[in-house]
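Worksheet: the structure to be examined is printed underneath.
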């Protein structure tokens, strides 16, 4: 009997581990806790679009920090870190929006989803009540980077709509079919956008060049900030989608029955 227990215990460990993994994958696939009886969104169901919408909404609201389970993490979308952005670069002054971090997406609402699984094409639409991007502003003299000014900087975006078109493609891994997506269109309609600064700190022989710094700071950089925001958001969103889709085969996300 002792020998039998030693042989069966590893088998039981495998069974338990598999059960835990499947429970976690059901959370990943559906976007709902594993206690729900349905796993994935049935491919040919009349409620396919609504199922996908509910799954995405659950993820946005409850998993936007990237925690899928106690053992599985993906990139956080709230907060979401952006790379440094160059705002102005001319022969006199270079200005940057650095250490950018966006917050507020977890309060967004999924307002529309359309999916064509035969073509692997998707439309996602979100209403985003409030997004805030915080970071630091830095401006430096092109000829001498030690002559500079910097301050806290924020970008506040209100009542915006995001429409995303996705095109998917399948690939094989470990004899299973997976899907990855490319964003073909990423359109943000912004209701209201403001940019502001905190207290400024200067360095070097700043006073001799203060007028040039004032000129660049007073420039209308709203459109530049929006462009940099949109490009960074798009790249991160696509990475997040593919990180999630990589966690389970296509059949687990969209079972045929």
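In mature numbering (1 follows the signal peptide of the UniProt record, and there is no 0), the protein residues as written are -31 to -1, 1 to 226. Cβ coordinates follow ideal geometry from the N, Cα and C atoms, glycine included.
Identify whether residue 51 lies in helix, strand or coil by the three-state DSSP scheme. coil
Could you give the DSSP three-state label for residue 122: helix, strand or coil? strand
Which of helix, strand or coil DSSP assigns to residue 105: strand
Can you give the Cα-Cα distance for residue 68 and residue 121, rounded to whole angstroms? 10 Å
Leaving out the 5 sequence neighbours to the left and right, which residues in its chain are closer than 6 Å to residue 167 when beta-carbon positions are compared? 120, 121
Give the DSSP-derived three-state secondary structure of residue 198 in the structure shown. helix
What does residue 67 pair with, by DSSP beta-bridge criteria? 105
Counting pairs of Cβ atoms below 8 Å between the segment 180 to 194 and the segment 52 to 60, do you hit three or more? yes
What are the complete beta strand (DSSP E) segments, minimum 3 residues, inside the segment 159 to 187? 161 to 166, 170 to 172
May I have the straight-line CA-CA distance separating residue 169 from residue 198, to the nearest angstrom? 23 Å
Exposed unless 16 or more other CB atoms sit within 10 angstroms - verdict on residue 116: buried
Is it right to say residue 50 is buried, meaning 16 or more other beta carbons lie within 10 angstroms of its own, or is it exposed? exposed
Mind checking who residue 143 pairs with in its DSSP beta bridge? In DSSP, residue 143 forms no bridge with anything.
Look at the alpha carbon of residue 10 and the alpha carbon of residue 154, and state the distance between them as a whole number of angstroms. 24 Å
Grouping DSSP H, G and I as helix and E and B as strand, with all else coil, what is residue 59? coil
For residue 79, tell me which candidate among 72, 25, 222 has the shortest Cα-Cα distance. 25
In three-state DSSP terms, what is residue 128? strand
What does the alpha-carbon distance come out to for the pair residue 65 and residue 12? 46 Å
Residue 151 by DSSP, collapsed to three states: which one? strand
Mind checking whether residue 205 and residue 32 have CB atoms under 8 Å apart? no
For residue 19, the first and last residue of its enclosing alpha helix (DSSP H): 17 to 31
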